[in-house]
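Visitor: After the structure tokens below, expect a handful of questions from me.
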């Protein structure tokens with residue numbers, strides 16, 4: 059199922075096959091997912107106990123983790139291209155600029171855990187996703203003339219957002235299940251993280267490459283594209299991720315607040 063989905067996105071990005079074949083792969087993805095859920099629901103000893111998803115904090119936390127990592131992976135994937143191809147930084151300087159977010163994350167991540175204990179993990183994690191979304195908007199506003207100051211303004215919300223999001227989200231997911239299901243919850247957490255990254259990179263790459271190469275000679279590659287096309291490609295990729303993250307977060311958070319008090323859970327998130 060995942061292989062069909064990843065192949066469909068990758069082939070669409072490479073533009074090597076016609077649309078009908080890609081649609082077939084997407085159809086197989088849906089069929090495989092439905093078949094897995096049906097088989098698991100009919101087993102007396104299932105590999106994945108679907109009743110766990112009756113916990114709103116667990117389901118919402120996993121969905122937010124997937125959305126968050128999708129956007130995080132897109133930023134990590136597109137930003138190096140922007141720094142080197144658009145702003146023409148040498149690899150060593152681009153590497154130093156890319157090291158800024160991890161440094162900020164390592165400083166503020168421990169503090170987010172303490173903050174979530176005071177005001178609740180749900181609120182802190184949603185604020186973190188909001189900051190990541192804001193960073194995508196700022197990053198999409200950059201062009202070849204943007205200063206280092208503006209770069210800092212763009213990436214600091216991203217780093218703070220990741221720091222605020224990850225630990226409270228982990229606590230929400232792990233705190234939503236009983237002790238005997240902690241192993242399953244940890245596996246689902248890893249799956250949501252990896253799945254978000256696996257979708258975010260090809261999806262952002264698809265948007266970036268299609269926008270860069272649209273209207274250009276078919277023989278050109280992304281590396282040979284003019285700066286104006288690269289700016290447009292990165293802009294649409296970042297803004298698309300911002301729209302996807304904000305829309306998904308609003309829907310998931312709304313359902314979480316609406317149904318959170320009606321279904322069983324061990325924590326308020």
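In the working numbering, the protein residues as written are 59 to 327. Glycine residues also receive a C-beta, built at the ideal position from the N, C-alpha and C atoms. Bear in mind that the values here come from a model prediction, so they are computed numbers and not experimental data.
Smallest Cα separation from residue 299: which of 132, 90, 99 and 280?
Guide: By 1-based counting over the chain shown, the position of residue 299 is 241. The shortest C-alpha separation from residue 299 is found at 132.
Visitor: Can you tell me where the alpha helix (DSSP H) with residue 237 in it begins and where it stops?
Guide: By 1-based counting over the chain shown, the position of residue 237 is 179. Taken as a continuous stretch (DSSP letters only), residue 237 belongs to no alpha helix (DSSP H), as it is neither H nor E.
Visitor: Excluding the 5 residues flanking residue 64 on each side, which residues of the same chain have their C-beta closer than 7 Å to its C-beta?
Guide: Counted from its first residue, the chain shown places residue 64 at position 6. Excluding sequence neighbours, residue 64 sits near 256 and 260.
Visitor: Spell out a yes or no on whether the region 153-163 and the region 208-216 are touching, meaning 3 or more CB-CB pairs, one atom from each, closer than 8 Å.
Guide: yes
Visitor: So what does DSSP say about residue 322, is it helix, strand or coil?
Guide: As a working note, residue 322 is residue 264 in the chain shown. Because the pLDDT of residue 322 is 47, which lies under 50, any placement of that residue in the model is unreliable, and the number read from its coordinates should be weighed accordingly. Correct three-state label for residue 322: coil.
Visitor: Tell me whether the beta-carbon of residue 250 lies closer than 8 Å to the beta-carbon of residue 167.
Guide: Counted from its first residue, the chain shown places residue 250 at position 192. Counted from its first residue, the chain shown places residue 167 at position 109. Contact flag unset, no.
Visitor: Could you tell me the boundaries of the alpha helix (DSSP H) in which residue 166 lies?
Guide: Translated into positions along the chain shown, residue 166 becomes position 108. Note, residue 166: alpha helix (DSSP H), 158-177.
Visitor: Provide the residue span of the alpha helix (DSSP H) that contains residue 140, from first to last.
Guide: Working through the chain shown from its first residue, we reach residue 140 at position 82. Segment: none, residue 140 is in no alpha helix (DSSP H) and carries neither H nor E.
Visitor: Verify whether the separation of the beta carbon atoms of residue 144 and residue 267 is less than 8 Å.
Guide: Here residue 144 corresponds to residue number 86 of the chain shown, with the count starting at 1. Here residue 267 corresponds to residue number 209 of the chain shown, with the count starting at 1. No, these two residues do not count as a Cβ contact at 8 Å.
Visitor: Name the two residues that bound the continuous alpha helix (DSSP H) containing residue 100.
Guide: In the chain shown, counting from the first residue as 1, residue 100 sits at position 42. From DSSP, the alpha helix (DSSP H) with residue 100 extends over 77-100.
Visitor: From the DSSP output, in three-state form, read off residue 247 for me.
Guide: Translated into positions along the chain shown, residue 247 becomes position 189. If DSSP states are grouped into helix, strand and coil, residue 247 belongs with the helices.
Visitor: Is it the case that the Cβ atoms of residue 119 and residue 231 are separated by a distance below 8 Å?
Guide: Taking the first residue of the chain shown as position 1, residue 119 is located at position 61. Taking the first residue of the chain shown as position 1, residue 231 is located at position 173. Yes, these two residues count as a Cβ contact at 8 Å.
Visitor: When you compare each of 297, 283, 182 and 78 to residue 197 by their alpha carbons, which one comes out closest?
Guide: Start at 1 with the first residue of the chain shown, and residue 197 comes out as number 139. For the residues 297, 283, 182 and 78, the minimum Cα distance to residue 197 belongs to 297.
Visitor: What is the DSSP secondary structure of residue 327, counted as helix, strand or coil?
Guide: Position 269 of the chain shown, counted from the first residue, corresponds to residue 327. Interpretation of residue 327 is limited by its pLDDT of 42, a score under 50 that renders its predicted location unreliable; the figure taken from the coordinates is listed afterwards. Residue 327 falls in the coil class under three-state DSSP.
Visitor: Do residue 229 and residue 123 count as a contact pair if the criterion is CB distance below 8 Å?
Guide: Stepping through the chain shown from its first residue, residue 123 is reached at position 65. Stepping through the chain shown from its first residue, residue 229 is reached at position 171. No, the Cβ-Cβ distance between residue 123 and residue 229 is not below 8 Å.
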